[in-house]
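Participant: Going down the list, the protein sequences come from chains H and L. Numbered by the numbering used here, the letters in the first sequence go through residues 203 to 799 in order. Numbered by the numbering used here, the letters in the second sequence go through residues 203 to 799 in order. Note that beta-carbon positions come from the ideal geometry of N, C-alpha and C, so glycine has one too.
Number of protein chains: 2
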Amino acid sequence: MTSIKERILTLRELMRDRGWDAAVISGSDPHSNEYLPDHWNARRWISGFTGSFGTVVVTAGHAGLWTDTRYFIQATAQLEGSGIELHKLRVPEAVDYPEWLATNLPKGALVGIDGTCMSLSEVKALEAALAPIEAKVESVADYLDAIWTERPGLPEAPVFVLEDKYAGESAADKLAFVRERMKACGASRLLMDRLDCVGWTLNIRGGDIPYFPVAIAYLLVGPEDATLFIDPAKIRPEVEDYLKGLKVSVAPYGEILTVLAALRKEDRLCVDAGSINYGAWKTASESCSVMEMPCPVIGRKAVKNPVEIEGCRRAYIKDGVALTLFFHWIESRMAEGCRISEIEAASKLTALRAEQEDNIGESFATISAYGKNAALPHYSATEQDYSFLEPRGLYLVDSGGHYLHGTTDITRTIPLGPTTELEREDYTLVLKAMIALSRAVFLQGTIGSQLDMLCRQPLWKTRRNFGHGTGHGIGHVLSVHEGPQDIRHTIRSLAPIESGMITSNEPGMYREGLHGVRHENAILARECGSNEFGAWLDFETLTCCYFDTTPLVKELLSPEDIDWIKGYNSWVYESLKDLLPPDTREWLKRKTSFHTT
Amino acid sequence: MTSIKERILTLRELMRDRGWDAAVISGSDPHSNEYLPDHWNARRWISGFTGSFGTVVVTAGHAGLWTDTRYFIQATAQLEGSGIELHKLRVPEAVDYPEWLATNLPKGALVGIDGTCMSLSEVKALEAALAPIEAKVESVADYLDAIWTERPGLPEAPVFVLEDKYAGESAADKLAFVRERMKACGASRLLMDRLDCVGWTLNIRGGDIPYFPVAIAYLLVGPEDATLFIDPAKIRPEVEDYLKGLKVSVAPYGEILTVLAALRKEDRLCVDAGSINYGAWKTASESCSVMEMPCPVIGRKAVKNPVEIEGCRRAYIKDGVALTLFFHWIESRMAEGCRISEIEAASKLTALRAEQEDNIGESFATISAYGKNAALPHYSATEQDYSFLEPRGLYLVDSGGHYLHGTTDITRTIPLGPTTELEREDYTLVLKAMIALSRAVFLQGTIGSQLDMLCRQPLWKTRRNFGHGTGHGIGHVLSVHEGPQDIRHTIRSLAPIESGMITSNEPGMYREGLHGVRHENAILARECGSNEFGAWLDFETLTCCYFDTTPLVKELLSPEDIDWIKGYNSWVYESLKDLLPPDTREWLKRKTSFHTT
Chain H
203 MTSIKERILT
213 LRELMRDRGW
223 DAAVISGSDP
233 HSNEYLPDHW
243 NARRWISGFT
253 GSFGTVVVTA
263 GHAGLWTDTR
273 YFIQATAQLE
283 GSGIELHKLR
293 VPEAVDYPEW
303 LATNLPKGAL
313 VGIDGTCMSL
323 SEVKALEAAL
333 APIEAKVESV
343 ADYLDAIWTE
353 RPGLPEAPVF
363 VLEDKYAGES
373 AADKLAFVRE
383 RMKACGASRL
393 LMDRLDCVGW
403 TLNIRGGDIP
413 YFPVAIAYLL
423 VGPEDATLFI
433 DPAKIRPEVE
443 DYLKGLKVSV
453 APYGEILTVL
463 AALRKEDRLC
473 VDAGSINYGA
483 WKTASESCSV
493 MEMPCPVIGR
503 KAVKNPVEIE
513 GCRRAYIKDG
523 VALTLFFHWI
533 ESRMAEGCRI
543 SEIEAASKLT
553 ALRAEQEDNI
563 GESFATISAY
573 GKNAALPHYS
583 ATEQDYSFLE
593 PRGLYLVDSG
603 GHYLHGTTDI
613 TRTIPLGPTT
623 ELEREDYTLV
633 LKAMIALSRA
643 VFLQGTIGSQ
653 LDMLCRQPLW
663 KTRRNFGHGT
673 GHGIGHVLSV
683 HEGPQDIRHT
693 IRSLAPIESG
703 MITSNEPGMY
713 REGLHGVRHE
723 NAILARECGS
733 NEFGAWLDFE
743 TLTCCYFDTT
753 PLVKELLSPE
763 DIDWIKGYNS
773 WVYESLKDLL
783 PPDTREWLKR
793 KTSFHTT
Chain L
203 MTSIKERILT
213 LRELMRDRGW
223 DAAVISGSDP
233 HSNEYLPDHW
243 NARRWISGFT
253 GSFGTVVVTA
263 GHAGLWTDTR
273 YFIQATAQLE
283 GSGIELHKLR
293 VPEAVDYPEW
303 LATNLPKGAL
313 VGIDGTCMSL
323 SEVKALEAAL
333 APIEAKVESV
343 ADYLDAIWTE
353 RPGLPEAPVF
363 VLEDKYAGES
373 AADKLAFVRE
383 RMKACGASRL
393 LMDRLDCVGW
403 TLNIRGGDIP
413 YFPVAIAYLL
423 VGPEDATLFI
433 DPAKIRPEVE
443 DYLKGLKVSV
453 APYGEILTVL
463 AALRKEDRLC
473 VDAGSINYGA
483 WKTASESCSV
493 MEMPCPVIGR
503 KAVKNPVEIE
513 GCRRAYIKDG
523 VALTLFFHWI
533 ESRMAEGCRI
543 SEIEAASKLT
553 ALRAEQEDNI
563 GESFATISAY
573 GKNAALPHYS
583 ATEQDYSFLE
593 PRGLYLVDSG
603 GHYLHGTTDI
613 TRTIPLGPTT
623 ELEREDYTLV
633 LKAMIALSRA
643 VFLQGTIGSQ
653 LDMLCRQPLW
663 KTRRNFGHGT
673 GHGIGHVLSV
683 HEGPQDIRHT
693 IRSLAPIESG
703 MITSNEPGMY
713 REGLHGVRHE
723 NAILARECGS
733 NEFGAWLDFE
743 TLTCCYFDTT
753 PLVKELLSPE
763 DIDWIKGYNS
773 WVYESLKDLL
783 PPDTREWLKR
793 KTSFHTT
């Protein structure tokens, strides 16, 4: 194993040979995945940084990692001694790496990238930023191969079919929908590069990516048939028959560029400029007419059908059972004086969730964070570095599961004993923020970044804020983070919140060195009547797990807040009571009654 | 005087001669003015519709007016018998005129426009909508001249200089700022086409447009000098000397296209694609290199300097005096049994405002609307059609003034006697909405369409809404409606609300045939501290006029709402008491104490 410093030195040699003034390692892959197969995790390899967001840039005299508020503490720790400097994003006066390059490179510089592992939009933005200094971008696929000697191969998990009783809509109907959209814009081909779009369209799932039950593949849809570019070893005979029934043929994954290069001039190919990698786009652009438009599947799959919605409701009931058993277990064990580590707690929760019928794994790595560790919103306890739960302060657990019928994402923060005044204030105000969004009523056409304001205002009134988004779409047995809706302060998406969309509602408060609080429910947007002013929507809360009321500061809550909490907790009790063993049921009865300290 | 029907028939003849399948009359002018000089008010001439927003489209078989919710009632009345059909915008399933044309015209159709009276962006959007049916746009300047025989000439009001003691920044400094921005993007010329930008930059004002104290002109800024294209008769010798001191020469208004056509290939001209008319853009594009960027003055003039802010505070105090005298007068006169018409009331208010020192006119036509007339948000009483105030229900008055030191915009809705339950509910919820925005605390970077949600939520919770924006920027002795900030539900502007911006806060509720409520204050965004989460802003309310508390439904208000109202009303009393005659002072004392019915 080479050290980070050695890797950067070797990269600089490679850059010298190629005549590059800078190299960009985007930490992305050909499919814009959030969690990367190790094969593509070049950012981690070159820097040692394990967070899910960031870009590494190396020049002759500087090596830097650009990442955002979520990872400042973690990155500072992981970069120590590497010689790589942390560049903070999403803070006042943040300078992103393209602007940094434009300021720090000489006129006419050459910047090396691997275009197959960067999105078209990112490379375009980079080129635009470099234009004033007349610097150019050179894309070389897999350029790190020359120095990354121990690079892992691609995963090989088998594909399975998600039955219609779980998916709620047949793949044939979904393909018909895609072709209808292609026809409407005069396209003869559509390239699907997002793995969840491919999985959703064909009702297939896989196991190639941690926490994301999909297979690494491209889908090229034509007017009558389609081709799935995938390692054929992953397709068992019954899946091959299923695909044949849909007129979907299978081709090796690596052939996608060859097939794109062989398209004819008169072909009109739809690609999604928001996700397609620069390599695929460039190849297709040189052979045929490329039309850029958002993948039609994104908006459609975000609006869950009744079968998916009912499946998610059931999934949250199962999650509620697992979490109730989990919190009861923690309390009982600690009362017995047992020591529980963050890692043991996370494993226990994983096991309890796995016991639920139809559970097929976790939807992301559980965040099990006690005390000051919870001040890192994306904290990850490791065998080398973890804490024990103590009978005081707050414990935060953010976890989720995939069930065959739905995917969950839930965070609860619970008191383990006495709490400080600041902990109680933060706990209360974050819950108040979550309730404000839960109770929103809004007209059709309202976007997430508008609803975000309702959630932030209770925190902002006391000059508090959290540095992450408020809510993301949650896929159905797909990615736990999906678009197009996005509840956040910075406007990234103009997609309205539509009836049938399931979104997380997860405000937080983080105090470095002290504590962290996050309360997260999943909320389903639904119609709630029309009148002369338009069509109205509100939210149904799907998540079914109590909020501990003991840390609440009653003076900070309105009568409406208190009514909401009481109503929610009694609904939780009524929904779960028959699914719990008697002692846990009694315990939950007490937990769901309203009493503040 | 020809009738509307005759005018449309003549237009159809002209269309036949030109081979046009449709003609668009945009109701705009070369400078994107909201209030048009009669010379350019072609929409009113062709349709009889007097509203401030709309487009007329005529084809061989159809004539239509597209306008929005504000004008549905008024347009329906004014179009009656004209054969022109109303097309509603900003309602579910609204179809704007470009899409309507694309659906209703034959393939390859020709659409006639006057490009000098349409913005570049509007013509581009029209062309884009027509592309699928391969229809083309043909622009002919002043094509209506051939049939519009009584077309009025251009106004001729003299220009005056707004002294630095009012403007707070010299024109020399403002020109230096513009040139700095030009330099930063490598431009050799900048064309300013918005009349308020021209007026702000040179610290000059005029009287060409009703309620908008500017002169019709273009300003072409070069690296060292500039040219003002304006009717030279408007420039008195002392103003000419002032301009000479700024190295600004004067050229006839009509020469702008000639000068643009004479620019050289190597010239780099900045134009604002958001406002420039298609005619000027096309001329310049054919002679030189055109760079499209927002006029740098827009964002700068929206952030008021300390002299402007203090001037606005003083203006709202004067407005408060005028309105208090006005409401006292109404109550006294009605108590005496006198009949007051909406028009008499408006005139009285105009006179009271005019008595205030440094008042130079109204900032828009006063809306004086009693009872059901107030259900039209932009109602205008006319000599032919007006109501008398009755001792029951609600009276709404929306008015504003220009003072040499600042511009105002204020709406109050007052009870004239007993009110209905629905009136009281609407009155209360609209005030609650206005208070919610007034009390907002927000991080730097927050845009108006996010803050809008705080204002709407109290109304939305009871499934109520209003169909207009919540808040617009207010110019300084310029347009009462200015950008870039915009507090509204539909996202039109991504400009954050910055410290120093003055914006209206004017939610409403309109019940056709019953009543209308609007409460409007002007709010100044200001810094309120920084901490680890960023820089915080809140609002200072500038408007200084009491809210009548008698119609308030106490159960709909939170303790915080009631505190706000009490605090506001006592601030109003303290600010105005020494400026009022004794009887009005005593009367205001009673009005500003909190008592609900």
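With 8 Å as the limit, tell me which residues of the region 722–750 of chain H have their beta carbon closer than that to any beta carbon of chain L; keep them in chain order.
Facilitator: Hits within the stretch, in order: Gly731, Asn733, Phe735, Gly736, Ala737 and Trp738.
Participant: Quick one: residues in its chain with C-beta nearer than 7 Å to the C-beta of glutamate 494/L, no 5 flanking neighbours on either side, listed in chain order?
Facilitator: Numbered from 1 along the second sequence, position 292 holds the residue referred to as residue 494/L. Val473 and Ala475.
Participant: Give the residues from the region 630–657 of chain H that approach chain L closer than 9 Å (Cβ to any Cβ), ordered along the chain.
Facilitator: The region 630–657 of chain H vs chain L, Cβ under 9 Å: Ala638, Arg641, Ala642, Val643, Phe644, Leu645, Gln646, Gly647, Thr648, Ile649, Ser651, Gln652, Leu653, Asp654, Met655 and Leu656.
Participant: Tell me whether tyrosine 299/L sits in a helix, a strand or coil according to DSSP, three-state version.
Facilitator: Locating residue 299/L in the second sequence gives position 97, where the first residue counts as 1. Helix at tyrosine 299/L.
Participant: Unbroken beta strand (DSSP E) runs of length 3 or more, entirely within the region 475–510 of chain L: which are they?
Facilitator: Whole beta strand (DSSP E) segments, 3+ residues: 491–494.
Participant: Serine 284/L CB to nearest chain H CB: under 8 Å?
Facilitator: Translated into the one-based positions of the second sequence, residue 284/L becomes position 82. No, serine 284/L does not count as interfacial toward chain H.
Participant: In the region 674–697 of chain L, which residues sit with their C-beta less than 8 Å from some C-beta in chain H, listed in chain order?
Facilitator: Cβ contacts with chain H: His691, Thr692, Ile693 and Leu696.
Participant: In chain A, which residues lie with their C-beta within 8 Å of the C-beta of asparagine 667/L?
Facilitator: The displayed structure is made up of protein chains H and L, and chain A is not among them.
Participant: Taking only the alpha-carbon atoms, compute the straight-line gap between glycine 501/H and leucine 267/L and give it to the nearest angstrom.
Facilitator: The residue given as residue 501/H occupies position 299 in the first sequence. The residue given as residue 267/L occupies position 65 in the second sequence. Answer to the nearest angstrom: the Cα atoms are 33 Å apart.
Participant: Counting only runs of 3+ residues fully inside the region 731–758 of chain H, write out the beta strand (DSSP E) ranges in chain order.
Facilitator: Correct list: 736–743.
Participant: Quick one: does the C-beta of glutamate 324/L sit closer than 7 Å to a heavy atom of the ligand SAH?
Facilitator: Ligands are entirely absent from the displayed structure, and the ligand SAH is therefore not among its contents.
Participant: Quick check: is the beta carbon of lysine 663/L nearer than 8 Å to any beta carbon in chain H?
Facilitator: Here residue 663/L corresponds to residue number 461 of the second sequence, with the count starting at 1. Closer than 8 Å: yes.
Participant: Applying a beta-carbon distance threshold of less than 9 Å, which residues of chain L neighbour glutamine 276/H?
Facilitator: The residue given as residue 276/H occupies position 74 in the first sequence. Within chain L, no residue comes near glutamine 276/H; the closest Cβ sits about 18 Å away, beyond 9 Å.
Participant: When the Cα atoms are used, what is the spatial distance from tyrosine 597/H to glutamate 295/H?
Facilitator: Taking the first residue of the first sequence as 1, we reach residue 597/H at position 395. Taking the first residue of the first sequence as 1, we reach residue 295/H at position 93. Going by the C-alpha atoms only, they are around 33 Å apart.
Participant: Could you check whether glutamate 708/L and valine 672/L sit closer than 8 Å to each other, using their CB atoms as the reference points?
Facilitator: Walking along the second sequence from the start, residue 672/L turns up at place 470. Walking along the second sequence from the start, residue 708/L turns up at place 506. It is worth fixing the name first, because residue 672/L is threonine in this sequence and not valine. Their beta carbons are under 8 Å apart, which means threonine 672/L touches glutamate 708/L by this criterion.
Participant: What in chain H is Cβ-close to proline 294/L, meaning under 8 Å?
Facilitator: In the second sequence, residue 294/L corresponds to position 92, counting from 1. Residues of chain H passing the Cβ test: Gln646, Gly736 and Ala737.
Participant: State buried or exposed for glycine 619/L, treating a residue as buried only when at least 16 other CB atoms are found within 10 Å of its CB.
Facilitator: Stepping through the second sequence from its first residue, residue 619/L is reached at position 417. By the neighbour-count rule (16 or more Cβ atoms within 10 Å), glycine 619/L is not buried but exposed.
Participant: Return the first residue and the last residue of the beta strand (DSSP E) that alanine 571/L is part of.
Facilitator: The residue you call residue 571/L lines up with position 369 of the second sequence. Segment 569–572, the beta strand (DSSP E) holding alanine 571/L.
Participant: Assuming arginine 658/L contacts leucine 631/L under a Cβ cut-off of 8 Å, what Cβ separation, rounded to an integer in Å, is found between them?
Facilitator: Start at 1 with the first residue of the second sequence, and residue 658/L comes out as number 456. Start at 1 with the first residue of the second sequence, and residue 631/L comes out as number 429. Going by Cβ atoms, the distance from arginine 658/L to leucine 631/L rounds to 11 Å, so no, they are not a contact pair.
Participant: Does the region 760–773 of chain L come close enough to the region 634–642 of chain L to have 3 or more Cβ pairs within less than 8 Å?
Facilitator: Enough Cβ pairs lie closer than 8 Å, so yes.
Participant: DSSP three-state label for histidine 607/H, please.
Facilitator: The residue labelled residue 607/H in the question sits at position 405 within the first sequence. Coil at histidine 607/H, not helix or strand.
Participant: Decide if the region 430–443 of chain H is in contact with the region 508–526 of chain H; the criterion is three or more beta carbon pairs, one per stretch, under 8 Å apart.
Facilitator: Segments in contact, no.
Participant: Taking the alpha-carbon positions, what's the glycine 285/H to serine 249/H distance?
Facilitator: Locating residue 285/H in the first sequence gives position 83, where the first residue counts as 1. Locating residue 249/H in the first sequence gives position 47, where the first residue counts as 1. The straight-line gap from Cα to Cα measures roughly 9 Å.
Participant: From the DSSP output, which residues share a beta bridge with alanine 845/H?
Facilitator: Residue 845/H is absent from the model: chain H starts at 203 and stops at 799.
Participant: Please tell me whether serine 760/H has its Cβ less than 8 Å away from any Cβ of chain L.
Facilitator: For the purposes of this step, residue 760/H is taken as the residue at position 558 of the first sequence. Serine 760/H counts as touching chain L.
Participant: Using the rule of at least 16 other Cβ atoms within 10 Å of the residue's Cβ for burial, across every protein chain shown, is alanine 277/H buried or exposed?
Facilitator: Start at 1 with the first residue of the first sequence, and residue 277/H comes out as number 75. Classification for alanine 277/H: buried.
Participant: With a cut-off of 8 Å, do at least 3 Cβ pairs link the region 774–784 of chain L to the region 672–685 of chain L?
Facilitator: The region 774–784 of chain L is not in contact with the region 672–685 of chain L.
Participant: Does the distance from the CB of glycine 718/L to the CB of alanine 576/L come in under 8 Å?
Facilitator: Position 516 of the second sequence holds residue 718/L. Position 374 of the second sequence holds residue 576/L. A contact, by the Cβ cut-off of 8 Å.
Participant: Within 8 Å, do at least three Cβ pairs link the region 584–596 of chain L to the region 725–743 of chain L?
Facilitator: With a cut-off of 8 Å, the region 584–596 of chain L and the region 725–743 of chain L do not count as touching, because too few Cβ pairs lie within range.
Participant: Are leucine 726/L and isoleucine 649/L close, meaning C-beta to C-beta below 8 Å?
Facilitator: If you number the second sequence from 1, residue 726/L lands on position 524. If you number the second sequence from 1, residue 649/L lands on position 447. No. Outside cutoff.
Participant: In whole angstroms, what separates the C-alpha of leucine 291/L from that of threonine 269/L?
Facilitator: Here residue 291/L is taken as the residue at index 89 of the second sequence, counted from 1. Here residue 269/L is taken as the residue at index 67 of the second sequence, counted from 1. Those two C-alpha atoms are separated by around 6 Å.
Participant: In chain order, what residues of the same chain have a beta carbon less than 6 Å from the beta carbon of alanine 331/H, not counting five sequence neighbours either side?
Facilitator: Position 129 of the first sequence holds residue 331/H. Only Pro300, Glu301 and Ala304 meet the Cβ criterion.
Participant: Establish whether the CB of glutamine 659/H and some CB of chain L are separated by less than 8 Å.
Facilitator: For this step, residue 659/H is matched to residue 457 along the first sequence. Judged by the 8 Å Cβ criterion, glutamine 659/H is in contact with chain L.
Participant: From Ala571/H, Ser582/H, Leu591/H and Gly602/H, pick the residue whose C-alpha is nearest to that of alanine 553/H; which is it?
Facilitator: On the first sequence, position 351 is the one that residue 553/H refers to. Selected option, being the one with the closest Cα: Gly602/H.
Participant: Does the distance from the C-beta atom of tyrosine 588/L to that of leucine 754/L stay below 8 Å?
Facilitator: Here residue 588/L corresponds to residue number 386 of the second sequence, with the count starting at 1. Here residue 754/L corresponds to residue number 552 of the second sequence, with the count starting at 1. For tyrosine 588/L and leucine 754/L, no; Cβs fall outside 8 Å.
Participant: My parser needs the alpha helix (DSSP H) runs of 4 or more residues fully inside the region 295–341 of chain H; what are they?
Facilitator: As far as the region 295–341 of chain H is concerned, its whole alpha helix (DSSP H) runs of at least 4 residues are 299–306 and 322–332.
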